[in-house]
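Asks: This is the structure I want to talk about, given as structure tokens.
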Amino acid sequence: MIAMDIGGTDVRIATISFAAAGNLKIGDYKTHPTPGIQEEISSDDFFRTVARYLHPVLDRSRLLGCCFSFATAPKADKDA
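The opening position of the sequence shown corresponds to residue 783 in the numbering used here, with each subsequent residue numbered one higher.
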């Protein structure tokens, strides 16, 4: 599986697998700057850049897990 975490400063990408005993193996770990942090960019440019970051590991798996990790402040209605 490919795991990707898009945060406020970095995009972290790694391959994840489990050994027979259930031990987690992390490979191909790399960090990249989060697109759009230095200046505002279009959504097309954002996803084009993220796709370029993913390209080197796309042959490792067809499965991709992604999370967005940004700090938020709750609103009065308890939404973020």
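Glycine residues also receive a C-beta, built at the ideal position from the N, C-alpha and C atoms.
For clarity, every value in this text was computed on a predicted model and none was experimentally measured.
In angstroms with no decimal places, state the Cα-to-Cα distance between Asp787 and Glu821.
Replies: In this structure, the CA atom of Asp787 is about 20 Å from the CA atom of Glu821.
Asks: Would you report the Cα separation of Ile784 and Ala858, rounded to the nearest angstrom?
Replies: 36 Å
Asks: Look at the alpha carbon of Pro817 and the alpha carbon of Thr854, and state the distance between them as a whole number of angstroms.
Replies: The straight-line gap from Cα to Cα measures roughly 19 Å.
Asks: Measuring only the C-alpha atoms, how far is Ala801 from Asp827?
Replies: 37 Å
Asks: Considering just the uninterrupted stretch of the alpha helix (DSSP H) at Arg830, what are its terminal residues?
Replies: Ser825 to Leu836
Asks: At the level of alpha carbons, what is the spacing between Val839 and Pro856?
Replies: 36 Å
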